[in-house]
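J.: Quick one: structure below, then a few questions.
Protein chains: 2
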Amino acid sequence: MNAFATHFRLTEEDVIIYAKDTLNLFSKRARLRSKEIGDGNINYVFRVWDEDTQESIIIKQADILLRSSGRPLDIDRSRIEAEALKQQWQLSSGFTPKVYQYDPIMCAIVMEDLSDHQLMRTALLKIQIFPLFAEHISSFLVNTLLPTTDLVMESANKKALVKKFINMDLCKISEDLVFTEPFFNHKGRNIILDENMDFVEREIYNDSELVLEASKLKHYFMNNAQALIHGDLHTGSILVKIDSTKVMDPEFAFYGPIGYDLGNVIANLFFGWANILVTKHGKEAEKFILWLEETIEQVVDLFKGKFIESYQKTVTEVSFKKENFMNWYLEDILEYTAGTTGLEIIRRVVGDSKVIDITGIEDRTARIRAERMLIMSAKRFIKERDCIITGKDYTRIFRSLYDELYLNIE
Amino acid sequence: MNAFATHFRLTEEDVIIYAKDTLNLFSKRARLRSKEIGDGNINYVFRVWDEDTQESIIIKQADILLRSSGRPLDIDRSRIEAEALKQQWQLSSGFTPKVYQYDPIMCAIVMEDLSDHQLMRTALLKIQIFPLFAEHISSFLVNTLLPTTDLVMESANKKALVKKFINMDLCKISEDLVFTEPFFNHKGRNIILDENMDFVEREIYNDSELVLEASKLKHYFMNNAQALIHGDLHTGSILVKIDSTKVMDPEFAFYGPIGYDLGNVIANLFFGWANILVTKHGKEAEKFILWLEETIEQVVDLFKGKFIESYQKTVTEVSFKKENFMNWYLEDILEYTAGTTGLEIIRRVVGDSKVIDITGIEDRTARIRAERMLIMSAKRFIKERDCIITGKDYTRIFRSLYDELYLNIE
Numbered sequence: 061m062n063a064f065a066t067h068f069r070l071t072e073e074d075v076i077i078y079a080k081d082t083l084n085l086f087s088k089r090a091r092l093r094s095k096e097i098g099d100g101n102i103n104y105v106f107r108v109w110d111e112d113t114q115e116s117i118i119i120k121q122a123d124i125l126l127r128s129s130g131r132p133l134d135i136d137r138s139r140i141e142a143e144a145l146k147q148q149w150q151l152s153s154g155f156t157p158k159v160y161q162y163d164p165i166m167c168a169i170v171m172e173d174l175s176d177h178q179l180m181r182t183a184l185l186k187i188q189i190f191p192l193f194a195e196h197i198s199s200f201l202v203n204t205l206l207p208t209t210d211l212v213m214e215s216a217n218k219k220a221l222v223k224k225f226i227n228m229d230l231c232k233i234s235e236d237l238v239f240t241e242p243f244f245n246h247k248g249r250n251i252i253l254d255e256n257m258d259f260v261e262r263e264i265y266n267d268s269e270l271v272l273e274a275s276k277l278k279h280y281f282m283n284n285a286q287a288l289i290h291g292d293l294h295t296g297s298i299l300v301k302i303d304s305t306k307v308m309d310p311e312f313a314f315y316g317p318i319g320y321d322l323g324n325v326i327a328n329l330f331f332g333w334a335n336i337l338v339t340k341h342g343k344e345a346e347k348f349i350l351w352l353e354e355t356i357e358q359v360v361d362l363f364k365g366k367f368i369e370s371y372q373k374t375v376t377e378v379s380f381k382k383e384n385f386m387n388w389y390l391e392d393i394l395e396y397t398a399g400t401t402g403l404e405i406i407r408r409v410v411g412d413s414k415v416i417d418i419t420g421i422e423d424r425t426a427r428i429r430a431e432r433m434l435i436m437s438a439k440r441f442i443k444e445r446d447c448i449i450t451g452k453d454y455t456r457i458f459r460s461l462y463d464e465l466y467l468n469i470e
Numbered sequence: 061m062n063a064f065a066t067h068f069r070l071t072e073e074d075v076i077i078y079a080k081d082t083l084n085l086f087s088k089r090a091r092l093r094s095k096e097i098g099d100g101n102i103n104y105v106f107r108v109w110d111e112d113t114q115e116s117i118i119i120k121q122a123d124i125l126l127r128s129s130g131r132p133l134d135i136d137r138s139r140i141e142a143e144a145l146k147q148q149w150q151l152s153s154g155f156t157p158k159v160y161q162y163d164p165i166m167c168a169i170v171m172e173d174l175s176d177h178q179l180m181r182t183a184l185l186k187i188q189i190f191p192l193f194a195e196h197i198s199s200f201l202v203n204t205l206l207p208t209t210d211l212v213m214e215s216a217n218k219k220a221l222v223k224k225f226i227n228m229d230l231c232k233i234s235e236d237l238v239f240t241e242p243f244f245n246h247k248g249r250n251i252i253l254d255e256n257m258d259f260v261e262r263e264i265y266n267d268s269e270l271v272l273e274a275s276k277l278k279h280y281f282m283n284n285a286q287a288l289i290h291g292d293l294h295t296g297s298i299l300v301k302i303d304s305t306k307v308m309d310p311e312f313a314f315y316g317p318i319g320y321d322l323g324n325v326i327a328n329l330f331f332g333w334a335n336i337l338v339t340k341h342g343k344e345a346e347k348f349i350l351w352l353e354e355t356i357e358q359v360v361d362l363f364k365g366k367f368i369e370s371y372q373k374t375v376t377e378v379s380f381k382k383e384n385f386m387n388w389y390l391e392d393i394l395e396y397t398a399g400t401t402g403l404e405i406i407r408r409v410v411g412d413s414k415v416i417d418i419t420g421i422e423d424r425t426a427r428i429r430a431e432r433m434l435i436m437s438a439k440r441f442i443k444e445r446d447c448i449i450t451g452k453d454y455t456r457i458f459r460s461l462y463d464e465l466y467l468n469i470e
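Taken in sequence, the protein lines are chains A and B. For the first sequence, our numbering begins at 61 and goes up steadily by one. For the second sequence, our numbering begins at 61 and goes up steadily by one.
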């Protein structure tokens with residue numbers, strides 16, 4: 061077991077010995093079991109539990125190669141994930157899994173087992189309602205983001221964090237997959253339904269204004285070291301149960317624009333919404349849709365309210381504490397939020413990395429129409445981003461495109 | 061001579077032994093002489109020369125304490141200066157002193173002796189004309205800045221440079237002295253002529269729109285890792301002779317906004333201009349003023365022309381190579397340039413760090429008026445920065461305020 065010479069990848073058997081003998085996390089007599097439960101592409105996630113006491117932990121090990129393609133990926137992301145998780149746990153008072161230990165040699169994060177939660181993406185597709193979600197996620201965002209800006213931190217301390225969280229490889233993935241490939245069909249990696257090919261060509265590739273705005277948003281993403289953001293905050297990075305919300309997997313964390321996190325949450329709620337709108341009918345579905353619509357609005361509006369409240373309490377720096385600066389700063393965040401919402405929608409519909417909310421729509425006509433209405437609302441989120449500032453601005457645009465493109469299609 | 065235990069500060073005697081015996085830069089028999097020629101606050105600059113051959117070098121040693129106050133200052137700035145100099149020398153084909161060697165233990169940069177040049181600030185006050193200056197400085201700026209952006213560099217390589225050039229202490233100096241203290245009289249460090257106290261209070265401290273714009277520019281400075289900038293490009297960092305321009309002292313270098321460098325050059329040319337306008341008369345002064353006015357215009361316009369030319373040759377990245385993106389990017393640079401010009405003018409007139417161009421105006425009434433016209437043009441550069449895009453836009457504003465506030469004062 062020479063972890064120094066090459067990367068030693070744990071198996072279900074190894075991880076028991078590792079947890080018991082190397083990390084001393086269970087008693088020597090414990091009868092441990094383990095299971096690899098990861099569904100991602102770049103890491104291995106083991107649940108390890110004691111048969112008798114039912115005590116359990118998660119051990120997440122980063123691999124040096126992508127699971128799918130075998131392409132190498134910077135292993136430093138594991139340190140970044142562990143450090144971001146610890147910081148977010150502390151700042152958000154527990155809206156992430158608690159990290160018990162990080163092993164930099166094995167690139168393994170030992171953390172709280174949240175198997176009593178489920179992935180939010182899965183839960184939404186089962187039309188389950190989480191009445192506290194908007195409250196929780198807006199608190200998580202405000203509490204993890206604002207305190208890491210140089211509005212609150214000392215200039216030098218913030219710069220030290222910027223340095224610590226430079227995340228070359230994973231930022232490059234976002235730069236390519238979110239901001240570039242979908243708009244240029246760069247490297248030919250986009251995956252589009254045949255029936256939507258012409259539509260995408262006309263509405264995306266040939267819309268030079270849209271492509272320009274996407275490029276500006278990309279440049280902003282690459283250059284604005286605003287806050288320590290999660291960097292990949294879709295509903296597959298969020299665990300929920302009825303009274304709890306946990307944000308995990310911040311391996312894309314780096315100093316970037318605040319609006320990038322908020323916009324990703326909004327876009328991924330829209331995917332759930334689009335799925336249920338076109339696949340489910342009846343009372344229960346209607347109730348769910350109403351809740352989700354309200355939730356999207358609340359995520360935006362609660363974020364704004366809590367942001368202002370926290371700003372007024374914590375920003376004391378002489379240049380930044382004034383109300384007119386705060387208003388400008390918040391408008392800038394909201395503008396980038398709307399832009400990101402549009403970008404995330406387009407990249408999931410057009411780009412290489414899909415979401416089950418859309419690919420899982422079995423009725424082909426329904427999926428074609430859903431994709432079109434998503435694309436058209438995304439375009440408005442991007443182009444009109446300086447006017448999209450309330451929760452209702454989002455749902456209004458989406459609703460009108462649903463009516464126009466989905467219901468009234470010839 | 062224990063350089064490891066504490067910082068060993070060289071004297072004129074030590075530096076001869078150091079150059080000959082430690083660095084082996086001269087023959088063992090050379091009869092060396094040395095002189096400390098630094099006029100800065102944070103470093104010691106030695107000229108070392110061979111009495112017989114007249115070969116010479118400069119050794120610049122960073123101290124761990126400020127010369128004036130004894131306050132400690134991050135010694136890492138010395139590494140940053142050496143690395144920035146080497147990179148700028150290469151990118152600009154020699155518009156900086158050539159670095160022969162860097163000694164990280166002694167924090168000493170051994171470099172080309174440019175004693176045949178003079179400080180540009182001094183030369184301007186002697187109404188000396190440098191017909192090639194606009195050509196040279198615009199080439200220096202375009203050639204050192206654009207290639208370090210992520211428009212030209214690979215995303216990961218650029219991020220590695222951002223990390224390498226995180227420059228906490230010296231950025232903090234700029235954040236305080238340029239962007240904060242002058243607008244709030246923060247820490248009471250501003251130094252203002254009694255006769256201009258009310259004027260400054262009304263036109264700066266109480267102009268909430270101006271203060272807001274300065275705060276936005278500060279936030280941009282702290283968060284926009286656009287290019288490896290010089291960071292302190294005033295006329296005291298530039299050496300000139302009739303056919304040569306050399307930019308030195310990049311210890312403030314970090315990844316920041318391109319417009320910050322260009323704006324500093326423009327502002328400092330205005331100081332020379334203001335000085336001569338109000339202190340000198342006659343044919344020679346008039347000729348000088350004409351040249352300087354033209355030079356200010358050319359610095360802006362040549363920068364733009366060369367920037368576009370270089371952009372079209374070197375930017376091949378799919379999102380950024382399009383002409384509409386380039387135009388937006390250049391406009392953004394020019395906007396920040398005008399803002400910086402205004403900030404640099406205000407901080408030198410109002411703030412703690414003065415320039416001899418202004419403090420050297422002996423006629424008190426002339427100085428009072430010169431300061432007022434500088435402040436009023438600075439305000440326009442800041443507030444109207446999105447419309448200031450040609451060289452003439454600068455000189456026109458300055459001229460009109462000279463006519464209004466200097467010539468027609470009651």
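The beta-carbon is built from N, C-alpha and C at its ideal position, and this holds for glycine as well.
Spatial neighbours of K382(A) within its chain, please: C-beta separation below 7 Å, excluding the five flanking residues on both sides.
T.: Residue mapping note: residue 382(A) aligns to position 322 of the first sequence, counting from 1. Once the five neighbours on either side are set aside, K382(A) has no close Cβ partner at all.
J.: Keeping to the same chain, check which residues put their C-beta closer than 6 Å to that of A168(A); ignore five residues upstream and five downstream.
T.: As a first step, residue 168(A) is located in the first sequence; it is residue number 108 there, counting from the start. For A168(A), where only same-chain residues beyond five positions count, the Cβ hits under 6 Å are I119, Q121.
J.: According to a CB-to-CB cut-off of less than 7 Å, which residues of the region 350–381 of chain B neighbour chain A?
T.: So the list reads V378, S379, F380, given in the order they occur along the chain.
J.: If you pair each beta-carbon of the region 278–287 of chain A with each one of the region 316–331 of chain A, do three or more pairs fall below 8 Å?
T.: As far as the Cβ criterion goes, the region 278–287 of chain A touches the region 316–331 of chain A, which means the pair count is three or higher.
J.: What does the alpha-carbon distance come out to for the pair T455(A) and Y462(A)?
T.: In the first sequence, residue 455(A) corresponds to position 395, counting from 1. In the first sequence, residue 462(A) corresponds to position 402, counting from 1. When rounded, the distance between both Cα atoms is 10 Å.
J.: Can you give me, in chain order, the residues of the region 412–428 of chain B that have a beta carbon less than 8 Å from any beta carbon in chain A?
T.: Hits within the stretch: zero.
J.: Extract the residue ranges of the alpha helix (DSSP H) inside the region 129–209 of chain A, only unbroken runs of 4 or more that lie entirely within it.
T.: Counting whole runs of 4 or more residues, the region 129–209 of chain A contains the alpha helix (DSSP H) stretches 136–151, 180–185, 193–205.
J.: Per DSSP, what kind of secondary structure is E422(B) in: helix, strand or coil?
T.: Counting from 1 along the second sequence, the entry for residue 422(B) is found at position 362. Of the three classes helix, strand and coil, the one that applies to E422(B) here is coil, per DSSP.
J.: In chain order, what residues of the same chain have a beta carbon less than 7 Å from the beta carbon of E464(A), not counting five sequence neighbours either side?
T.: The residue labelled residue 464(A) in the question sits at position 404 within the first sequence. Excluding sequence neighbours, E464(A) sits near nothing in its chain.
J.: In whole angstroms, what is the alpha-carbon distance linking W388(B) and P207(B)?
T.: Along the second sequence, one-based indexing puts residue 388(B) at 328. Along the second sequence, one-based indexing puts residue 207(B) at 147. Near 18 Å, if we compare the C-alpha coordinates of P207(B) and W388(B).
J.: May I have the straight-line CA-CA distance separating Y371(A) from A274(B), to the nearest angstrom?
T.: Sequence index remark: in the first sequence, residue 371(A) carries index 311 (1-based). Sequence index remark: in the second sequence, residue 274(B) carries index 214 (1-based). Their Cα atoms are separated by approximately 19 Å.
J.: Under the three-state reduction of DSSP, which class applies to G316(A): helix, strand or coil?
T.: The residue you call residue 316(A) lines up with position 256 of the first sequence. Three-state DSSP puts G316(A) in a strand.
J.: By a C-beta neighbour count over all protein chains shown, 10 Å radius and 16 as the cutoff for buried, is L467(B) buried or exposed?
T.: The count along the second sequence starts at 1 and reaches residue 467(B) at position 407. Per the 10 Å Cβ criterion, exposed.
J.: Just reading off the beta strand (DSSP E) that I110(A) is part of, what are its end residues?
T.: Position 50 of the first sequence, counted from the first residue, corresponds to residue 110(A). For clarity, residue 110(A) is Asp in the given sequence; the question names Ile instead. 103–110 is the span of the beta strand (DSSP E), which, as asked, contains D110(A).
J.: Please state the DSSP three-state secondary structure of Q8(B).
T.: Look at the range of chain B in this structure, 61 to 470, and you will see that residue 8(B) is not part of it.
J.: Report the three-state DSSP secondary structure of A430(B) (helix, strand or coil).
T.: Taking the second sequence and counting its residues from 1, the one referred to as residue 430(B) is at position 370. Three-state result, A430(B): helix.
J.: According to a CB-to-CB cut-off of less than 8 Å, which residues of the region 233–262 of chain A neighbour chain B?
T.: Hits within the stretch, in order: E235, F239, T240, F243, F244, H246.
J.: Less than 8 Å between CB atoms is the rule here; does L272(A) satisfy it with respect to chain B?
T.: Walking along the first sequence from the start, residue 272(A) turns up at place 212. Judged by the 8 Å Cβ criterion, L272(A) is in contact with chain B.
J.: By the 10 Å Cβ neighbour count, where 16 or more other Cβ atoms means buried, how is C231(A) classified, buried or exposed?
T.: Numbered from its first residue, the first sequence carries residue 231(A) at position 171. Classification for C231(A): buried.
J.: Along chain A, which residues have their Cβ under 7 Å away from the Cβ of V222(B)?
T.: Along the second sequence, one-based indexing puts residue 222(B) at 162. Correct list: I226.
J.: Is there a C-beta anywhere in chain B that falls below 8 Å from the one on K278(A)?
T.: Position 218 of the first sequence holds residue 278(A). Judged by the 8 Å Cβ criterion, K278(A) is in contact with chain B.
J.: Compare the beta carbon distance of T240(A) and S379(B) with 8 Å and say whether it is the shorter of the two.
T.: Along the first sequence, one-based indexing puts residue 240(A) at 180. Along the second sequence, one-based indexing puts residue 379(B) at 319. Yes, these two residues count as a Cβ contact at 8 Å.
J.: Shortest alpha-carbon distance to F331(B) belongs to which of Y265(B), R407(B), D163(B)?
T.: Along the second sequence, read from residue 1 onward, the residue named residue 331(B) stands at position 271. Ranking the options by Cα distance to F331(B), first place goes to R407(B).
J.: Does the region 337–351 of chain B come close enough to the region 305–313 of chain B that 3 or more CB-CB pairs lie under 8 Å?
T.: With a cut-off of 8 Å, the region 337–351 of chain B and the region 305–313 of chain B do not count as touching, because too few Cβ pairs lie within range.
J.: Would you call the region 297–310 of chain B in contact with the region 143–151 of chain B, where contact means no fewer than 3 C-beta pairs closer than 8 Å?
T.: Touching, yes.
J.: What number of angstroms, rounded off, separates the C-alpha of D412(B) from the C-alpha of V238(B)?
T.: Here residue 412(B) refers to the residue found at position 352 of the second sequence. Here residue 238(B) refers to the residue found at position 178 of the second sequence. Roughly 9 Å separates the two Cα atoms.
J.: Among L403(B), L253(B), F193(B), F225(B), which one has its Cα closest to the Cα of L272(B)?
T.: The sequence position of residue 272(B) within the second sequence is 212, counting from 1. Selected option, being the one with the closest Cα: L403(B).
J.: Any C-beta of chain A sitting closer than 8 Å to the C-beta of C167(B)?
T.: Residue 167(B) sits at position 107 when you count from the first residue of the second sequence. So, not an interface residue.
J.: With 9 Å as the limit, tell me which residues of the region 186–213 of chain A have their beta carbon closer than that to any beta carbon of chain B; keep them in chain order.
T.: Residues passing the 9 Å Cβ filter: T209, D210, L211.
J.: Relative to chain B, which residues along the region 318–341 of chain A have a C-beta separation below 7 Å, given in chain order?
T.: Cβ contacts with chain B: none found.
J.: Just checking: is the beta-carbon of N62(B) within a distance shorter than 8 Å of some beta-carbon in chain A?
T.: As a first step, residue 62(B) must be located in the second sequence, where it is residue number 2. In this predicted model, N62(B) has a pLDDT of only 38, less than 50, meaning its place in the structure is not dependable enough to derive any value.
J.: Quick one: grab the DSSP three-state call for L322(A).
T.: On the first sequence, residue 322(A) is found 262 positions in, with the first residue counted as 1. Helix, per DSSP.
J.: What residues of chain B sit near S275(A), judged by a beta carbon separation below 8 Å?
T.: Residue 275(A) sits at position 215 when you count from the first residue of the first sequence. Within 8 Å Cβ-Cβ: S379, F380, K382, F385.
J.: Which residues does DSSP pair with Y93(B) in a beta bridge?
T.: Residue mapping note: residue 93(B) aligns to position 33 of the second sequence, counting from 1. Here residue 93(B) is Arg; the residue named in the question, Tyr, does not match the sequence. DSSP lists W109(B) as partners of R93(B).
J.: Residues in its own chain within less than 8 Å of F225(B) by CB, not counting five upstream and five downstream?
T.: For the purposes of this step, residue 225(B) is taken as the residue at position 165 of the second sequence. The residues are I140, E143, A144, L288, A313, F314, Y315.
J.: By the criterion of Cβ-Cβ separation under 9 Å, what are the contact partners of Q148(A) in chain B?
T.: Here residue 148(A) is taken as the residue at index 88 of the first sequence, counted from 1. What Q148(A) touches in chain B: nothing, since even the nearest Cβ is about 21 Å away.
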